[in-house]
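Top to bottom, those sequences are chains A and B. Just so we're aligned, residue 1 is where the first sequence starts under full-length UniProt numbering, counting upward by one. Just so we're aligned, residue 1 is where the second sequence starts under full-length UniProt numbering, counting upward by one.
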Amino acid sequence: MEAVLTHHLDINAPLNLQAYRAAGGYRSLNAAFDRKPEEIIETVEAANLRGRGGAGFSCGLKWRLRGADAPRPRYLICNIDESEPGTFKDRHLLYGGPHQIIEAVIVSAYALQAEQAVIFVRGEYAKGGNGLRRALEEAEIAGLVGTNIGGNGFDLQIEVHVSGGRYICGEETAMLNAIEGRRPNPRPKIPRPSVKGLWGYPTTTNNVETLVNVPHILLNGAAWFHDLGVNGGCGTKLFCVSGMVQHPGLFELPCGTSARELIFEHAGGLAEGRTLLGFLPGGASTAFLLPEHLDVPMDFDPVAKAGSRLGTGSIIVLDDTTCPVQVTLNLMRFFARESCGFCTPCRDGLPYLAQILTAIAAGEGQAEDLALLEELSDIIGPQSFCAFAPGAVTPLISSLQGFRKHYESHIATGRCPFDAADRNGA
Amino acid sequence: MGTIRIENHEIPFREGDNILKTALAAGMEIPYFCYHTALGSLGACRLCAVEITPKDPGKAPQVVMACLEPARGGIEVSISSAAAQQVRQKVIEFLMTNHPHDCPVCDEGGECHLQEMTVACGPPYRRYRGRKRTFTNQYLGPLVHHEMNRCITCYRCTRFYQDYALGDDLGAMRLRNEVYFGRFQDGPLASPFAGNLVEICPTGVFTDAVFRQHFARVWDLKTAPSICPHCSIGCNTLPGARDGMLRRVRNRFHPDLNRWFICDRGRYGHQYSEHPARPLTSRVDGAKVSYRQALAAAAEQIKAVGDKTGGLGSVREDLEGNTLLRALLNGFNGIFTAFSDPRLEAATITAVTALQNTTGAPSLAEMEQADAALIVGDLTAHAPMIDLALRQAYRSGARLAVLHSGPTPLARFAATALAIPPHEMSVCLSHLSERAAAPSAANSNQKEMLANIVVSLTASHRPLLIGVTETLSASQIAVLAQLAAALGPGARLAYALPGANAYGAALLSQTGRATAMLEAIETGHIQNLIVAGNDPLGDTRLGARWRAARQRLDSLIVLDCVATATAEAADILIPVAAWAERSGTFVNYEGRAQGFTHTFRRPEFLPSTAEVIADLARHLELVLPDIAAALGDTFPGYQAPVPGAPGSPLPAPAIPMHIDTTIHQGCESHPGRWQAALSTWYGDDPLASFAPALTELVPAVAALISPAAALNEGIKAGERVRLQGPAGTVVLPVQPDNDVAAGTIALTRAVLAQLGAGHGDPLELEKVS
Ligand SMILES: Cc1cc2nc3c(=O)[nH]c(=O)nc-3n(C[C@H](O)[C@H](O)[C@H](O)COP(=O)(O)O)c2cc1C
Ligand code: SF4
Ligand code: SF4
Ligand code: SF4
Ligand code: FES
């Protein structure tokens, strides 16, 4: 398969405007301007392009539901806040090819008839943000961004906003507050951002990987996009594989590629003599899958059917030398630290979970702790204000199920069995 | 309007209301933390969990947050379902992981919402074994004490302070379970409404720092419904006393006036009644005597001079005291007025007359509904809660226009704020009034801005005009009323009056009486003056003249509860009960008579003013009607308002409107190069200036002039100037301020008193080298 999204990426020397154009960049603008915005939305919907930011919602449907008659001004936000542990695909897109992002934003904004776009960049990706700003300047000078773009009467301002730097800022509504200069607390679900978003106006947010697919779909059509996938998936997907593999990295592969192929072929498999304990399929906020799930196609619906989520398509691998309790504790510490502090179950519940896990991992767990973890998680997930907390407890709940005996042995023996293994090995 | 089933009761709901609001309105308890009637729903605490069973039998019951879920017909709500209880218990358990459990030493104990909810929801045991988070507290000034470890992160404080009261020096900082509610740096809270944090915070993070100095458990406090004595709004309050000492004041809900909040002057001004210098023993010629002896001495003086007695009541004296004093004076044809300054007398009477000839002043709740408002003067200092009401109007999109001579906090929120020198205010108001009556072309920048104000008032549905009586002349007040009339029947008019009972006092006074009284003293026609709750010798503008006149008096008899200059100079001083120690009536800016009842008695014998006058009448063998009869004679059909009830309009025969709106030469012509403007702050009134915690916050004294004027004069910030007024000279540092009008020097009341100048009076300014 030929790389589509990563074809011209170079994180050391990203293409400038001239080189990007020479490589065929910005061709989709004419393809877009030749069509009515509704037609573009139809094509994207037909292509079954699903959101790459985590939830997998149909991009075309989201755009259509915003409504062609939404009041103005309308906003498009390109989400490059990428802070999910184990996820580094958007970073690659940002550092490797800023013009590809700008092109995607222009045609997407045209489809949505949005006059203002904000590219929201993770705080730690500030250098990437600078590169993006330079590219944007080139594009503005070339008349690709601004008023009456390409003489087609379409106006678009693009702004690069580098985040203050917290995981929660990537959540769609917290991001609106962040851009407006408020505390990045998520907003209530109603009114939806598509109705009342940034500064109170209709706003559409998409992950950057979702958006960079759009120019290619415009140029090559929905059927072409379907054909890119395998096992029923559509398009290519940027997969990140990390953890206990030989060659961790980023792989653009057909959507629907199996986890087995990703881990054992592309990422080089496990170290000599190790066996797979389990893996997170879609980033830190997804449920652990077990070796029996290796042949599940890495696509939205099949992974969901297996009890987890494709999320950001970022696999984190555990082998038989990794203590799953430690890994889970690590994740819970992360989530407890990144809670925005708005609602009680998440803000005060996650540190509580982390505290119990700390005790268990240190061999100080008590018999009733596992039931307590489950009892607390059952409230924290569903009763929190935004989707952060449900994501946060997901790996814990699945870890308690999938690796139960590891937890029990920590509590029963009063120590971490993997500590002993390490000591023996050393 | 439909009905919703909550715990098997059919409860009516208003379209758009959520389940929590609906239930609370029907008197059903759903536990909550972050919801507040004034601040609305947030959805953060997650305590208000209830289980709803949808109409559709195919759908399973679901736990939702009552504060976020719209009330809908056909759904069943269970507060007591096991699933909902589970959520509430977990929320409490989560909150308790960091709570210090320091209830025994916490000031909030006994009236702590967190404590109540924790007991109500459970669980009674704690399973968390980890460390608790700890914070460093801040010094937030003399009014509010900070104890952050008790925080449950409900965001009520910032939602009140920033979103509702539009303050900007307190906020939420940091994230996770470390969200910190405080200031960027230690320092006094700047909002005039900061004290409300004490009540809005559901736990003991923000507590009353003044109360703390003489703390008592809430169950040990004596309370009784009261009315704030510190300005003309008449906010409803609940003083609390213990062991013969007033400890604190809290808000008491009034549906049309203050509702959930009061200002800091109202909350902390009460310290005047515990001031160490407060007169508590009667004095005759400086010697301590008994109450009886003082009465006898006073009676003797009055008998000696016969009808040459005058009576000066007060805008801060209750209706009973003023009415009886006037009745006493009527008994021997003496002069009575409640005002020591004829200008203020004329202005207040004109304002009350104007209100009586319109639909009357709107309540605070109605002011919040205004969609355009013209404000003349500084409301923050003269009627703080009107300021808060207008901040709500502003938040809902009302266009505010402010005409001011000195700094005023509301200017920040105004669509148009014009700094107008006092002597130009009349022309300005007349111009507005003429324009409203007949639009014409604007020919200057300022006129254009005035034209815009008229356009915005005319275009609005609920325009509101408010003037500050103390900084307006009678004719300016009348012009404002004309403007209201020109805007049509939808326009509402209000005035911030100069005292808690200024409305009532004005109805008992008559324009010209203050001048007549002063002249009568100066010419020896009054030899004996009874002053009740007033301080003529400390008068801002006429203090020097009063002090000279005082020399001509045979006897000055003073009834008061604070050590004013007049009380200090009294021949016969009879201390009276402060407001929380007596029952009485104040008539607020709307003409609403509100009763208050004594919260407690001090160990000393302290009668009310009315009681002293009744006793005095007995000594004089005068037949005075009792207080009820005296009030009935003055206000036909008068019924004493019941303390704790929302008050009733004072029945008063309408005063015919014969007001001169012509601009008087002399006081309104150009006063020379410089003129004075009264620039005060929210903690300033004759009583609250005896409250130590508030006075700690008095802004630094300076001569405020516009930056352009400073540049013109070659005066830099901090350089000193000598100001010369009719009564004296004062040297002050200069502080350039954008909100001061051209040619105007904005000065505090105390400085004006030293200079003997009132608002708008000419001054000399000279740079001190
Ligand atoms: C806690 C949280 C963090 C998130 N962070 C990101 C992020 O960093 N990048 C992103 O694209 N989407 C993130 N999302 C998802 C966004 O809210 C939003 O759904 C997404 O940007 C929509 O784009 P898509 O439909 O193209 O996937 C996050 C969601 C949650 C709940
Ligand atoms: S779930 Fe967590 S991140 Fe989301 S609003 Fe609540 S505290 Fe904030
Ligand atoms: S300080 Fe009080 S009001 Fe503010 S968030 Fe904490 S508990 Fe709530
Ligand atoms: S606004 Fe006036 S009446 Fe109300 S609390 Fe403040 S000082 Fe008292
Ligand atoms: S009161 Fe409903 S969530 Fe706090």
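Glycine included, C-beta positions come from ideal geometry on N, C-alpha and C. Computed from a prediction, not measured in an experiment: that's the story for all the values here.
Exercise. Looking at chain B, which residues of the stretch 378 to 411 of chain A have a Cβ within less than 9 Å of any of its Cβ atoms?
Worked result: Asp378, Ile379, Ile380, Pro382, Gln383, Ser384 and Phe385
- Residues in its own chain within less than 6 Å of B/Gly228 by CB, not counting five upstream and five downstream? Against the second sequence, residue 228 of chain B aligns to sequence position 228. One detail in the question is off: residue 228 of chain B reads as Cys in this sequence, not Gly. Here the set comprises Cys235, Thr237 and Gly266.
Note to self: What residue range does the beta strand (DSSP E) around B/Asp626 cover?
What the structure shows: Translated into the one-based positions of the second sequence, residue 626 of chain B becomes position 626. Where B/Asp626 is concerned, there is no enclosing beta strand (DSSP E), given that its DSSP letter is neither H nor E.
Could you check whether the Cβ of A/Pro186 sits closer than 7 Å to any heavy atom belonging to ligand 2? On the first sequence, residue 186 of chain A is found 186 positions in, with the first residue counted as 1. A/Pro186: yes, Cβ under 7 Å from ligand 2.
Using only CA atoms, which one of A/Phe120, A/Ser339, A/Gly307 and A/Thr358 lies nearest to A/Asn330? Indexing the first sequence from 1 puts residue 330 of chain A at position 330. Out of A/Phe120, A/Ser339, A/Gly307 and A/Thr358, A/Thr358 has the C-alpha closest to the C-alpha of A/Asn330.
| request: Out of B/Val576, B/Ala757 and B/Gly714, state which residue places its alpha-carbon closest to the alpha-carbon of B/Glu766. | output: Here residue 766 of chain B is taken as the residue at index 766 of the second sequence, counted from 1. Comparing Cα positions, the closest option is B/Gly714.
* To do: Determine the chain A residues that contact B/Ala172 at a beta-carbon separation under 7 Å, and present them in chain order.
  => On the second sequence, residue 172 of chain B is found 172 positions in, with the first residue counted as 1. Per Cβ cutoff of 7 Å: Arg183.
| message | According to DSSP, is B/Thr748 part of a helix, a strand, or is it coil? | response | For the purposes of this step, residue 748 of chain B is taken as residue 748 along the second sequence, with counting starting at 1. Note: B/Thr748 maps to coil in three-state DSSP.
ask   = Taking Cβ positions, are residue 836 of chain B and B/Gln138 nearer each other than 8 Å?
value = What is shown of chain B runs 1 to 769, which leaves residue 836 of chain B out entirely.
Quick check on the burial criterion: 16 or more other C-beta atoms within 10 angstroms. Buried or exposed for B/Leu732? The sequence position of residue 732 of chain B within the second sequence is 732, counting from 1. It counts as buried.
Check: How about B/Ala474 and B/Leu379: are their beta carbons less than 8 Å apart?
Finding: Locating residue 474 of chain B in the second sequence gives position 474, where the first residue counts as 1. Locating residue 379 of chain B in the second sequence gives position 379, where the first residue counts as 1. Going by C-beta atoms, B/Ala474 is not nearer than 8 Å to B/Leu379.
Practice prompt. Kindly indicate the opening and closing residues of the beta strand (DSSP E) around B/Met173.
Written response: Along the second sequence, one-based indexing puts residue 173 of chain B at 173. Segment Gly171 to Met173, the beta strand (DSSP E) holding B/Met173.
Within this structure, are the beta carbons of A/Gly278 and A/Leu290 separated by less than 8 Å?
Numbered from its first residue, the first sequence carries residue 278 of chain A at position 278. Numbered from its first residue, the first sequence carries residue 290 of chain A at position 290. Yes, the Cβ-Cβ distance between A/Gly278 and A/Leu290 is below 8 Å.
Please report the residue range of the beta strand (DSSP E) in which A/Gln116 lies. Your numbering for residue 116 of chain A matches position 116 in the first sequence. Element bounds for A/Gln116: Gln116 to Val121.
Margin query: Give me the DSSP bridge partner(s) of B/Gln62.
Written below: Reading the second sequence from its first residue, position 62 is the one you call residue 62 of chain B. Paired residue(s): B/Ile52.
Practice item. Please work out which residues of its chain come closer than 7 Å, Cβ to Cβ, to B/Gly647, disregarding the five sequence neighbours upstream and downstream, and give them in chain order. Key: Working through the second sequence from its first residue, we reach residue 647 of chain B at position 647. Cβ neighbours of B/Gly647 beyond the five flanking positions: Arg592, Ala593, Gln594 and Pro641.
Nearest-angstrom Cβ-Cβ length linking A/Phe57 and A/Tyr110, presumed shorter than 8 Å:
By one-based count along the first sequence, residue 57 of chain A stands at place 57. By one-based count along the first sequence, residue 110 of chain A stands at place 110. A/Phe57 to A/Tyr110, Cβ: 21 Å. No contact.
Practice prompt. Please find out if some non-hydrogen atom of ligand 4 comes closer than 7 Å to the beta-carbon of B/Pro255.
Written response: Locating residue 255 of chain B in the second sequence gives position 255, counting from the first residue. Not so, every heavy atom of ligand 4 lies at least 7 Å from the Cβ.
For B/Gln665, decide whether its Cβ has a neighbour in chain A, counting only Cβ atoms nearer than 8 Å. By one-based count along the second sequence, residue 665 of chain B stands at place 665. Interpretation of B/Gln665 is limited by its pLDDT of 42, a score under 50 that renders its predicted location unreliable; no figure is taken from the coordinates.
Quiz item: Ordered along the chain, which non-local residues of its own chain (more than five positions away) have a Cβ less than 8 Å from that of A/Thr257?
Solution: By 1-based counting over the first sequence, the position of residue 257 of chain A is 257. Counting only Cβ-Cβ distances below 8 Å, and skipping sequence neighbours, we find Val230, Asn231, Gly233, Lys237, Phe239, Pro297 and Met298.
Chain-ordered chain A contacts of B/Phe94 [CB-CB under 7 Å]
For the purposes of this step, residue 94 of chain B is taken as residue 94 along the second sequence, with counting starting at 1. Thr344, Pro345, Asp348, Gly349 and Tyr352, listed in chain order.
Exercise. Ligand 2 heavy atoms versus the CB of B/Ile477: any closer than 7 Å?
Worked result: Here residue 477 of chain B corresponds to residue number 477 of the second sequence, with the count starting at 1. False, no ligand heavy atom lies under 7 Å from that Cβ.
Partners in chain E for A/Pro188, counting only beta-carbon separations shorter than 7 Å:
Among the protein chains of the structure shown, namely A and B, there is no chain E.
Integer-rounded CB distance, given that A/His99 should sit under 8 Å from A/Leu15:
Counting from one through the first sequence, the residue named residue 15 of chain A turns up at place 15. Counting from one through the first sequence, the residue named residue 99 of chain A turns up at place 99. Contact holds; Cβ gap of about 6 Å.
Subject >> Start-to-end residues for the beta strand (DSSP E) that takes in A/Ser314 >> reply: What you label residue 314 of chain A is simply residue 314 of the first sequence in a count that begins at 1. Taken as a continuous stretch (DSSP letters only), the beta strand (DSSP E) holding A/Ser314 covers Ser314 to Asp319.
At which residues does the alpha helix (DSSP H) containing A/Ile217 begin and terminate?
If you number the first sequence from 1, residue 217 of chain A lands on position 217. From DSSP, the alpha helix (DSSP H) with A/Ile217 extends over Val208 to Asn220.
_For a test of your reading of the model: does the CB of B/His230 fall under 7 Å from any non-hydrogen atom of ligand 4? Yes or no._
Mapped onto the second sequence, residue 230 of chain B falls at position 230. B/His230 Cβ: within cutoff of ligand 4.
_A/Cys240, enclosing beta strand (DSSP E) - first and last residue_ = Translated into the one-based positions of the first sequence, residue 240 of chain A becomes position 240. Segment Thr236 to Gly243, the beta strand (DSSP E) holding A/Cys240.
Worksheet item: Which bits of chain A does B/Gln724 rub up against, with CB to CB less than 9 Å?
Response: Along the second sequence, one-based indexing puts residue 724 of chain B at 724. Near B/Gln724 there are no residues of chain A at all, since even the closest Cβ is about 49 Å away, more than 9 Å.
**Message:** I want to check one thing, is the minimum distance from the CB of B/Ile200 to the heavy atoms of ligand 3 below 7 Å?
**Reply:** Counting from one through the second sequence, the residue named residue 200 of chain B turns up at place 200. B/Ile200: yes, Cβ under 7 Å from ligand 3.
Check: Can we say the stretch 69 to 89 of chain B touches the stretch 45 to 61 of chain B, given the rule of at least three CB pairs closer than 8 Å?
Finding: yes
TODO: Could you please give me the residues that DSSP links to A/Val105 through a beta bridge?
DONE: Here residue 105 of chain A is taken as the residue at index 105 of the first sequence, counted from 1. For A/Val105, which the question treats as bridged, DSSP gives no partner whatsoever.
query: Is the beta carbon of B/Asn443 within less than 7 Å of some heavy atom of ligand 1?
result: Indexing the second sequence from 1 puts residue 443 of chain B at position 443. For ligand 1, not one heavy atom lies less than 7 Å from the Cβ of B/Asn443.
Flag this pair as yes or no: are the beta carbons of A/Tyr75 and A/Gln116 separated by less than 8 Å?
Here residue 75 of chain A refers to the residue found at position 75 when the first sequence is read from its first residue. Here residue 116 of chain A refers to the residue found at position 116 when the first sequence is read from its first residue. Yes. Within cutoff.
Excluding sequence positions up to five away, which residues of its chain have a Cβ less than 7 Å from the Cβ of B/Arg14? In the second sequence, residue 14 of chain B corresponds to position 14, counting from 1. The residues are Met1.
Identify, in the order they occur along the chain, each residue of the same chain with its Cβ nearer than 8 Å to the Cβ of A/Gly164, setting aside the five sequence neighbours on each side. For the purposes of this step, residue 164 of chain A is taken as residue 164 along the first sequence, with counting starting at 1. Once the five neighbours on either side are set aside, the close Cβ partners of A/Gly164 are Gly123, Ala178 and Pro184.
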